[in-house]
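According to our numbering, the sequence shown holds residues 9 to 276 in order.
In this text, a Cβ means the ideal position worked out from N, Cα and C, and glycines have one as well.
Here the structure is a predicted model, which is why all the values come from computation and not from measurement.
Step one of this worksheet: look at the structure below.
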Amino acid sequence: MDTSPSILNRLFSLGGKNVLLAGASGGIGQVLAVALAEAGATVAVHGRNPERVQQTCARVEAAAGKAVPFTADLTQVEACRNLVNEAQAALGRLDVLINCAATNRRKPMAQVTPEDFDAIVAVNLRSIYFLSQAAYPVMRAQGGGKIIHIGSINSFYGLDTVSVYGLTKGALAQLTKVMAVEWAADNIQVNCLTPGFFLTPLSKPLWADREKARWFRERIPLRRPGQPEELVGAALLLASRASSYITGQNIVVDGGFLAGGSWERDEI
Ligand SMILES: NC(=O)c1ccc[n+]([C@@H]2O[C@H](COP(=O)([O-])OP(=O)(O)OC[C@H]3O[C@@H](n4cnc5c(N)ncnc54)[C@H](O)[C@@H]3O)[C@@H](O)[C@H]2O)c1
Numbered sequence: 009m010d011t012s013p014s015i016l017n018r019l020f021s022l023g024g025k026n027v028l029l030a031g032a033s034g035g036i037g038q039v040l041a042v043a044l045a046e047a048g049a050t051v052a053v054h055g056r057n058p059e060r061v062q063q064t065c066a067r068v069e070a071a072a073g074k075a076v077p078f079t080a081d082l083t084q085v086e087a088c089r090n091l092v093n094e095a096q097a098a099l100g101r102l103d104v105l106i107n108c109a110a111t112n113r114r115k116p117m118a119q120v121t122p123e124d125f126d127a128i129v130a131v132n133l134r135s136i137y138f139l140s141q142a143a144y145p146v147m148r149a150q151g152g153g154k155i156i157h158i159g160s161i162n163s164f165y166g167l168d169t170v171s172v173y174g175l176t177k178g179a180l181a182q183l184t185k186v187m188a189v190e191w192a193a194d195n196i197q198v199n200c201l202t203p204g205f206f207l208t209p210l211s212k213p214l215w216a217d218r219e220k221a222r223w224f225r226e227r228i229p230l231r232r233p234g235q236p237e238e239l240v241g242a243a244l245l246l247a248s249r250a251s252s253y254i255t256g257q258n259i260v261v262d263g264g265f266l267a268g269g270s271w272e273r274d275e276i
């Protein structure tokens with residue numbers, strides 16, 4: 009391996025790379041869009057709400073990065089295909105696809121309706137399947153690429169009231185492996201970045217609830233929520249040449265939550 013002084017730059021720079029970030033207008037997606045643009049990528053910023061997409065683009069540009077806005081409701085398969093095609097047409101090539109869009113409706117299983125079930129599966133699983141399927145021929149034709157799904161510790165940990173969200177995230181962990189196996193020969197690495205409990209606008213009400221915040225703190229060895237910036241290191245690893253031999257993995261960033269608990273932890 010080359011040990012020239014530019015080794016970090018060669019491995020981690022995203023200069024000249026194009027990233028499609030589906031779900032870039034939320035708490036985590038926005039931070040990832042800015043960070044990957046700072047690493048040199050041009051970012052196709054996707055969200056549902058045009059104003060929030062523009063907000064992300066403005067933050068990317070304020071960090072001297074390049075952003076191109078896209079708006080689409082990904083509950084329709086055709087919209088997923090169009091998003092990939094439009095991003096490729098606008099950017100020329102597609103080096104990295106990040107699947108960050110997700111939705112949730114917290115309810116006990118007894119109250120989940122077929123409509124709840126379909127609405128969550130459509131965004132959290134079906135859109136990711138078909139975005140990735142649409143990106144595949146583009147990446148194969150250009151000699152390779154990277155696909156990063158954003159999972160959840162609900163892939164591995166059963167939590168009440170999130171039965172449907174949890175099953176979509178569990179399926180994503182499995183899908184990561186099959187995609188990695190099928191597309192390895194095309195030099196496409198597929199991994200899942202799995203956050204624990206992070207502080208975002210979406211999760212703020214949970215952390216504001218004293219009982220829930222206490223439950224989290226008692227079970228997270230680092231005793232605090234993650235900040236979206238704490239996902240940037242792993243995202244950059246998975247988006248860059250540095251992960252050229254990493255594929256089919258679920259990379260968990262959770263403050264130690266899934267590692268286990270303490271017998272003697274004081275109550276907080
Ligand atoms: N916040 C956390 O603690 C946490 C923990 C584990 C995993 N995650 C995962 O991280 C990712 C980002 O989460 P976040 O907290 O930033 O959430 P968020 O709600 O702020 O962002 C979700 C994104 O998904 C997009 N989206 C939702 N429904 C859509 C639809 N129908 N069509 C198109 N786009 C749609 C939104 O536009 C937004 O950009 C998600 O995959 C989530 O499951 C978050």
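- Note on Tyr253: under 16 other CB atoms within 10 angstroms of its CB, so exposed under the neighbour-count rule.
- Within the DSSP bridge table, the entry for Leu82 names no partner.
- By the 16-neighbour rule on beta-carbons within 10 angstroms, Asp103 is buried.
- Here Ala149 is exposed. Its C-beta has fewer than 16 other C-beta atoms within 10 Å.
- Around the C-beta of Ile161, 16 or more other C-beta atoms lie within 10 Å, and the residue is accordingly described as buried.
- Relative to the non-hydrogen atoms of ligand 1, the Cβ of Pro203 comes within a distance shorter than 7 Å of at least one.
- The beta carbon of Leu230 sits closer than 7 Å to those of Gly263 and Gly264, all from its chain and outside the five residues before and after it, given in chain order.
- Selection Gly73, Ala32, Val261 and Arg249 evaluated against Leu239 yields Val261 as nearest (Cα-Cα).
- Assignment of Ala30 by DSSP, reduced to helix, strand and coil, places it in the strand class.
- The Cβ-Cβ distance between Asn195 and Gln257 does not fall below 8 Å.
- If the five residues before and after Leu245 are omitted, its C-beta is found closer than 6 Å to the C-beta atoms of Ser251, all from its own chain and listed in chain order.
- In this structure, Gly256 has its beta carbon at no less than 7 Å from each heavy atom of ligand 1.
- For the pair Val51 and Ala45, the CB atoms are nearer than the 8 Å cut-off.
- Residues Ala49 and Asp103 of the same chain have their beta carbon placed closer than 6 Å to that of Lys25, with the five preceding and five following residues left out of the count.
- No Cβ-Cβ contact shorter than 8 Å links Cys88 with Ile36.
- Shortest gap from the CB of Phe206 to any heavy atom of ligand 1: under 7 Å.
- Residue range Ser135 to Gln150 is occupied by the alpha helix (DSSP H) that includes Pro145.
- Residues Arg56 and Ala87 of the same chain have their beta carbon placed closer than 7 Å to that of Asp81, with the five preceding and five following residues left out of the count.
- In this structure Met117 is in contact with Ser171, their Cβ atoms being roughly 5 Å apart against a cut-off of 8 Å.
- Relative to the non-hydrogen atoms of ligand 1, the Cβ of Arg231 never comes closer than 7 Å to any of them.
- Minimum Cα-Cα distance from Leu180 among the listed residues Gly151, Ile136, Trp191 and Ala216 corresponds to Ile136.
- For Thr64, the enclosing alpha helix (DSSP H) begins and ends at Pro58 to Ala70.
- Every beta strand (DSSP E) of 3 residues or more that sits fully in the stretch 159-209 is shown, in chain order, as 196-203.
- Taking Gly31 as reference, the option from Gly152, Tyr144, Ala142 and His157 with the minimal CA-CA separation is His157.
- Not one heavy atom of ligand 1 falls within 7 Å of the beta-carbon of Arg67.
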